[in-house]
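Participant: Have a look at this one before I ask anything.
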Amino acid sequence: MKQYLTASKKILTLLLALVLVFSLAACGDKEKNGGKSDLAAPEGRFTCTQRDQGFGDGLEPVEADEFISFNADGTGLWEYAMDSPIEWKLKGDKISIVELVGDNKYSYEGTWDGAKLLLNVDGYERLFEKKAATEPTESMQTTAPAETQTPVPADPKISALAGKYECIGVEMDGFPLDAEGEWLELNADGTGSWFLGAAEEEFEWTLDGDTINIIFTADYGFPATVDGEEIILDTGVLYFFAKEGSVRPEPTETDPETEPGESIWKEPAGYIQIPSEWYGVAIFTEVASEYEARFDVWGVIDDDGVGGAYFELYLEDEDEPVLSMYIDENDSDWLTPVIGDEDAWLLDLYLTEDDEWYLLTMYDEGALEINYLYEDDETGLTDCVFFIREYGTEWDEVNDPLPESYDDYVAEILGGNNF
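Residue numbers (our numbering): 20 to 438.
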């Protein structure tokens, strides 16, 4: 049972300690990577085909000058007046997009029907669709002679490139990601197809030196670079492809002290369990000054004994939770807040029903990343991030934000305290 609504003195003590690091107060907006829905999630590059120009005529067809790319990990790219990375999440038919422009974050909401995205941007709607591959348009044929659009099969360079390639790695904004079954196929007649995680698409291609031009329409295509035995495709995200059957680097040697297949870590449950224990890090960053403070956190999800499930996070050696809220016990794919009247809080801030959407967090292979943005008249915006994993499961030491006591945590697990 949650027993802390009246324990205000210790909360205030905790707050004063945090304020000495930097001031945190008030509430604000929030963003979160996205993922699960009954609808197939958007993936790939979508083109704005209609836009409300603000003249009272509603949606009107527009030239293809704005694009949004969605990646399966909840990131992406918005290409318009400037190229901005985005974070997104999907639940049901509701989609939320956070545009990251320098230190600023701008949130937009819309609806997704499985094929088209209707996005509200500052009160005006924009419709995005994924354009399928089409035959070359008249403008494409007039700007380049027909014979240059189809590579000559006899060209040895074309013949050497023809074949099917499998993805061996992905890179997003300089961060490496695992390949998830993507592939690329080039035919000697200048046609091809690919699968980048959403759907198989067909295209035409030409070769100019070491550059492969992948063509969907006259104004829609992507470049790829031939780098030795690999092809590097640039869609805003870099995809690295190697021809099927080509020689792969030898795997690195296994630590002789570690038996093959032996692991000290538990496997993630695959869903949010009640009860369960969690461990991770709280990161508080003042947006204006970029000042950052980190704290280790421990979490618990449990039943309160009277029919409700709750989620709480604690700082080290503290009796009172830094974050406390009831959750939907029937949703095991998402940490779904259920907030009533003064029964949930973050630090000294009582949360409201409006905060439920902002704190909604997808379970991601044993991890939860909760984001909340404070706004205060004195300190401005403070970005609060809680990254936690199921206790006893393995961390990604390259990409995860590691807690300060992570080495002690690993030592504890090595000592057999993995419960």
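Backbone N, C-alpha and C fix where the C-beta goes; we use that ideal spot for every residue, glycine too.
Residue 409 and residue 242 - do their beta-carbons sit closer together than 7 Å?
Facilitator: no
Participant: What ranges does the beta strand (DSSP E) occupy inside the stretch 187–238, keeping only unbroken runs of at least 3 residues that lie completely in it?
Facilitator: 194–196, 202–205, 210–214, 219–227, 230–236
Participant: Under three-state DSSP, which class holds residue 439?
Facilitator: What the structure shows of the chain is the stretch from 20 to 438, and residue 439 is not part of that stretch, so it cannot be assessed.
Participant: Under the assumption that residue 98 contacts residue 89 (Cβ atoms under 8 Å), give the Cβ distance between them as a whole number of angstroms.
Facilitator: Rounded, the Cβ-Cβ distance is 12 Å, inconsistent with contact.
Participant: Suppose you measure from the CA of residue 194 to the CA of residue 74; what does that come to, to the nearest Å?
Facilitator: 42 Å
Participant: Just list the residues that DSSP pairs residue 139 with in beta bridges.
Facilitator: DSSP links residue 139 through a beta bridge to 128, 144.
Participant: Terminal residues of the continuous beta strand (DSSP E) containing residue 252?
Facilitator: 249–253
Participant: So what does residue 334 bridge to, in DSSP terms?
Facilitator: 316
Participant: Just to check my reading of the structure: residue 192 and residue 294 have Cβ atoms closer than 8 Å, yes? What is that Cβ distance to the nearest angstrom?
Facilitator: Actually they do not touch by this definition, with Cβ atoms about 37 Å apart.
Participant: One question on the structure: do residue 315 and residue 424 come within less than 7 Å of each other, judged by their Cβ atoms?
Facilitator: yes
Participant: Spatial neighbours of residue 406 within its chain, please: C-beta separation below 6 Å, excluding the five flanking residues on both sides.
Facilitator: 299, 300, 388, 420
Participant: Please classify residue 149: does DSSP put it in a helix, a strand, or coil?
Facilitator: coil
Participant: Nearest CA to the CA of residue 285: which residue from 82, 215, 375, 385?
Facilitator: Measuring from the Cα of residue 285, the nearest candidate turns out to be 385.
Participant: According to DSSP, is residue 175 part of a helix, a strand, or is it coil?
Facilitator: helix
Participant: Just mark residue 171 as buried or exposed, buried being the case when its beta carbon has 16 or more other beta carbons within 10 Å.
Facilitator: Because the pLDDT at residue 171 is just 44, under 50, the model does not fix this residue reliably, and the value given afterwards should be weighed accordingly. The residue in question, residue 171, is exposed, as its Cβ has fewer than 16 Cβ neighbours within 10 Å.
Participant: What does a CB cutoff of less than 6 Å around residue 125 pick up in its chain, not counting 5 residues either side in sequence?
Facilitator: 118
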